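So in UniProt numbering, spot 107 of the sequence shown is number 107, and the numbers just go up one at a time.
C-beta atoms are modelled at their ideal positions from N, C-alpha and C, and glycine is treated no differently.
From a predicted model like this one, the values you see are computed outputs, not experimental measurements.
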Amino acid sequence: MKRLWFILTLLYTSKAFGQIPVIDQHPKKGLYRTFTEFQQNAPSEEGDLIVKNRSSAAQIYLLANRNELRLKDASGEEHKVKDYWGFCDGKDIYIRDYGLNKLTEIGYYCIYELHTVQPSRGYPIQADMTPNNLNAPANIKKVLNVVTGDKLDLTAYNLKKYILPQDSTLLEEFRADKSKRTTLEYYIFRFNQRNRVTL
Numbered sequence: 001m002k003r004l005w006f007i008l009t010l011l012y013t014s015k016a017f018g019q020i021p022v023i024d025q026h027p028k029k030g031l032y033r034t035f036t037e038f039q040q041n042a043p044s045e046e047g048d049l050i051v052k053n054r055s056s057a058a059q060i061y062l063l064a065n066r067n068e069l070r071l072k073d074a075s076g077e078e079h080k081v082k083d084y085w086g087f088c089d090g091k092d093i094y095i096r097d098y099g100l101n102k103l104t105e106i107g108y109y110c111i112y113e114l115h116t117v118q119p120s121r122g123y124p125i126q127a128d129m130t131p132n133n134l135n136a137p138a139n140i141k142k143v144l145n146v147v148t149g150d151k152l153d154l155t156a157y158n159l160k161k162y163i164l165p166q167d168s169t170l171l172e173e174f175r176a177d178k179s180k181r182t183t184l185e186y187y188i189f190r191f192n193q194r195n196r197v198t199l
């Protein structure tokens, strides 16, 4: 009898408190120190948050991220923020993953895009044998699982292997689709519509 009571209580509380607040409510402005703060939509710090962008040269030669977050205190002095998961400017949420990247889709899986500059390999230009120092920008689409915090590259392999097996109907549709590579984001949108987030 006690076991039955425990199971019923557990089911009732999981339904009442199961939704992730950041998805159900408007995101609160502030700094998320941990992934749990993001899930609960409870930023640990609020204040004037400033994003400082770095040049391509700093990214390559200093192995630095493309931007950094600074917090302005009451005296107007800026301090570099360390050890944080992400932040919200009151409208959009940004995740810290090799710089700050905006979450473009929020649901069971959130989509964001990394913007990096890759160092050139220094191939010589055939005409005058000078090194080719063009640094190619690289944009990589990624997904974030809001339940576990796992981050994956948005590829056909990761969709088929890790994401879509949770929804067999979508997995079959994906396997039958001939233009998979052009519709990867479409399957994330569909997955988010079909699968509500609960903890």
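Cβ shell of Asp48 (< 6 Å), same chain only, five flanking positions each side left out: In the sequence shown, residue 48 corresponds to position 48, counting from 1. So the qualifying residues of the chain are Lys72.
Distance check for Phe35 and Pro165, CA to CA, integer angstroms please. On the sequence shown, position 165 is the one that residue 165 refers to. On the sequence shown, position 35 is the one that residue 35 refers to. Looking at the two C-alpha atoms, the distance is approximately 24 Å.
Are the beta-carbon atoms of Phe174 and Leu159 separated by less than 8 Å? Residue mapping note: residue 174 aligns to position 174 of the sequence shown, counting from 1. Residue mapping note: residue 159 aligns to position 159 of the sequence shown, counting from 1. Yes, the Cβ-Cβ distance between Phe174 and Leu159 is below 8 Å.
With H, G and I counted as helix, E and B as strand and the rest as coil, what does DSSP make of Thr182? What you label residue 182 is simply residue 182 of the sequence shown in a count that begins at 1. The answer is helix: DSSP assigns Thr182 an H, G or I state.
Skipping 5 residues on each side, what residues in its chain have a beta carbon closer than 6 Å to that of Tyr186? Residue numbering aside, residue 186 sits at position 186 when the sequence shown is read from its first letter. Result list for Tyr186: empty, nothing under 6 Å.
Can you check which of these residues, Asn139, Thr182 and Asn41, is closest to Val146 by C-alpha distance? The sequence position of residue 146 within the sequence shown is 146, counting from 1. Out of Asn139, Thr182 and Asn41, Asn41 has the C-alpha closest to the C-alpha of Val146.
Helix, strand or coil, according to DSSP, for Ala74 in the structure here? Counting from one through the sequence shown, the residue named residue 74 turns up at place 74. Reduced to three states, the DSSP call for Ala74 is coil.
For Arg194, count neighbouring C-beta atoms within 10 Å of its own C-beta (all shown protein chains included) and say buried if the count is 16 or more, exposed if not. Looking up residue 194 in the sequence shown gives position 194. Classification for Arg194: exposed.
Helix, strand or coil for Ile95? Go by DSSP, reduced to three states. Reading the sequence shown from its first residue, position 95 is the one you call residue 95. Looking at Ile95 - three-state DSSP - the assignment turns out to be strand.
8 Å Cβ cutoff met for Gly107 and Asn192: In the sequence shown, residue 107 corresponds to position 107, counting from 1. In the sequence shown, residue 192 corresponds to position 192, counting from 1. Closer than 8 Å, so yes.
Between Gly86, Asn65 and Glu78, which has its C-alpha nearest Leu144's C-alpha? Working through the sequence shown from its first residue, we reach residue 144 at position 144. Nearest of Gly86, Asn65 and Glu78 to Leu144, Cα basis: Gly86.
Which residues in the same chain as Leu103 place their Cβ atom closer than 8 Å to its Cβ, once the five residues preceding and following it in sequence are excluded? Along the sequence shown, one-based indexing puts residue 103 at 103. Taken in chain order, the residues that qualify are Asp92, Ile93, Tyr94, Ile95, Cys110, Ile111, Tyr112 and Leu144.
Round the Cβ separation of His115 and Arg190 to the nearest angstrom and send it over; I've been treating them as touching at under 8 Å. The sequence position of residue 115 within the sequence shown is 115, counting from 1. The sequence position of residue 190 within the sequence shown is 190, counting from 1. So it is not a contact: roughly 26 Å between Cβ atoms.
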